[in-house]
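Engineer:
In this note's numbering, the protein residues as written are 36 to 489.
1. Straight-line CA distance for residue 49 to residue 63?
2. Excluding sequence positions up to five away, which residues of its chain have a Cβ less than 7 Å from the Cβ of residue 78?
3. Please say whether residue 211 and residue 247 have beta carbons closer to each other than 9 Å?
4. Note the first and the last residue of the continuous alpha helix (DSSP H) segment covering residue 347.
5. Is it right to say residue 66 is buried, meaning 16 or more other beta carbons lie within 10 angstroms of its own, or is it exposed?
6. Per DSSP, what kind of secondary structure is residue 105 in: helix, strand or coil?
7. Say whether the region 133–141 touches the region 168–188, bearing in mind that this needs 3 or more beta-carbon pairs closer than 8 Å, one atom from each stretch.
8. So the candidates are 444, 383, 362, 401; which of them puts its Cα closest to the Cα of residue 393?
9. Would you list the residues sitting across from residue 385 in a DSSP beta bridge?
10. Please report the residue range of the beta strand (DSSP E) in which residue 272 lies.
11. Ignore the nearest five residues each way along the sequence and tell me which others in residue 88's own chain have a CB closer than 6 Å to its CB.
12. In chain order, what are the residue ranges of uninterrupted alpha helix (DSSP H) at least 4 long that sit wholly in the region 75–158?
13. Residue 54: buried (16+ other C-beta within 10 angstroms of its C-beta) or exposed?
14. Quick check on this structure: which residue in 217, 245, 207 has the alpha carbon closest to the alpha carbon of residue 235?
15. Could you give the DSSP three-state label for residue 323: helix, strand or coil?
16. Closest to residue 359 by CA distance: which of 371, 372, 335 is it?
17. Nearest-angstrom Cα distance between residue 159 and residue 227?
18. When you compare only the Cα positions, how much space is there between residue 424 and residue 404?
19. Please give me, in chain order, every unbroken run of the alpha helix (DSSP H) with length at least 4 that falls completely inside the region 169–209.
20. Check each candidate in 432, 201, 184, 225 and name the one with the smallest Cα separation from residue 310.
21. Alpha carbon to alpha carbon, what distance is there between residue 355 and residue 289?
22. Determine the burial state of residue 104: buried for a count of at least 16 other Cβ atoms within 10 Å of its Cβ, exposed for fewer.
23. Given this structure, state the Cα-to-Cα distance separating residue 445 from residue 372, to the nearest angstrom.
24. Under the DSSP definition of a beta bridge, which residues are partnered with residue 404?
25. On the CB-based measure, 16 or more other CB atoms within 10 Å of its CB, does residue 406 come out buried or exposed?
26. Measuring alpha carbon to alpha carbon, tell me which of 40, 71, 153 ends up nearest residue 83.
27. When we look at the beta-carbon of residue 330 and count the other beta-carbons within 10 Å, is it buried (16 or more) or exposed?
28. Assuming contact is defined by CB atoms lying nearer than 9 Å, are residue 204 and residue 251 in contact in what I supplied?
29. Closer than 7 Å by C-beta to residue 174: which residues in its own chain qualify, once you throw out the five before and the five after it? Chain order, please.
30. Would you identify the three-state DSSP class for residue 38, choosing helix, strand or coil?
31. Does the separation of the CB atoms of residue 264 and residue 199 fall below 9 Å?
32. If I'm right that residue 333 touches residue 401 with Cβ under 8 Å, what's the distance once you round it to whole angstroms?
33. Is DSSP giving residue 444 helix, strand or coil here?
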């Protein structure tokens with residue numbers, strides 16, 4: 036039916052031309068800028084450190100743009116780009132105080148890298164340990180009352196950082212409105228085609244609204260009377276390993292479709308989204324650092340755009356996930372293994388991009404992309420060659436214990452009871468541990484471990 040509809044559209048020249056004009060005016064209207072940072076002279080930067088061309092270009096881009104995602108290959112020097120960008124913008128008067136949120140175990144490493152690049156910088160590095168309510172108050176006042184070049188905190192402390200109440204209330208109302216619109220869409224779809232669509236549950240809808248209110252009320256209660264980010268002088272936010280905040284809550288009327296991601300979202304993503312909303316509204320700056328912008332679901336691209344370019348989504352009428360998914364994604368029907376791993380079932384999965392060129396242009400409008408090929412253009416010897424020009428596979432024979440844990444098939448095609456293949460629903464949780472020692476997986480006896488049940 037989809038193919039027949041496409042054929043019908045393209046048959047009529049006037050109709051085809053009219054739709055093409057609408058598409059070009061609405062979506063195909065971006066011209067990507069180029070950034071040349073070769074002229075940059077970084078004052079105060081360690082003279083014994085040499086920046087590569089792609090790093091200078093990225094720094095220059097962060098100076099020019101309000102929101103940037105450094106999508107650089109692992110090892111390409113994202114950390115140094117972010118540090119130099121922070122200090123150069125401070126020198127130019129573009130920003131006053133930068134907040135850098137990094138994974139908990141990297142706070143000290145970031146601090147060391149910062150002072151290595153800028154020995155005279157004034158940086159506050161907050162330890163990743165848990166802090167009490169009294170210590171939070173002292174920390175917030177310390178940030179607000181000192182002219183730091185940068186404040187480096189752990190991801191867990193970013194969640195604790197208080198947010199402006201008006202932004203929280205605004206997002207609460209926005210999420211309630213989106214839930215109501217989604218319910219209305221489902222009602223309309225059911226009314227138009229009751230055979231194909233399920234009638235929306237009004238009680239479940241009311242429960243959802245109550246959960247949204249409770250969720251945001253808890254955020255307000257948790258932050259108490261502490262001074263918030265708007266009172267600390269922070270006007271530039273850098274988030275390292277930003278893909279860890281991918282689970283942003285969203286509304287959709289798409290049902291029984293795999294690959295949409297976590298619709299409920301996570302608290303860490305919600306707290307970050309509140310802060311990015313405040314920064315956008317007050318014309319501040321945001322920078323994300325990640326080498327894996329999309330890890331598990333295509334919807335993560337949508338969430339990245341919500342964080343960094345919400346105004347573009349609004350201009351194009353793509354604020355609601357369903358509109359974005361229909362424009363740039365496609366649901367694929369295919370057979371997949373069921374939980375028994377012995378038979379197949381038909382699954383509808385959101386797993387394919389449709390307008391790849393259009394989405395790629397939108398992404399590259401805010402993402403600075405650097406891969407190994409880009410690095411090798413300027414320095415062919417930077418990435419060492421692999422011996423023999425290809426990986427050497429070393430196959431280690433698995434032990435009997437590991438074989439029993441994963442699953443051994445018998446003459447009837449059955450796997451041993453208690454193995455992860457026999458109990459496929461536990462596969463995802465256990466397969467990540469298979470490389471660890473047996474004693475880690477089973478502190479008791481091997482026999483008890485092999486027959487563990489949940």
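Just so it is clear, CB atoms sit at the ideal spot from N, CA and C, and this is done for glycine as well. Just so it is clear, the structure is predicted and the values come from calculations on it, not from any experiment.
Structural biologist: Working from what's here:
1. 19 Å
2. 126
3. yes
4. 345–350
5. exposed
6. strand
7. yes
8. 362
9. 366
10. 271–275
11. 413
12. 88–99, 113–127, 142–152
13. exposed
14. 217
15. strand
16. 335
17. 59 Å
18. 25 Å
19. 190–195
20. 201
21. 12 Å
22. buried
23. 20 Å
24. 106
25. exposed
26. 153
27. exposed
28. yes
29. 161, 166
30. helix
31. yes
32. 18 Å between Cβ atoms; not a contact.
33. strand
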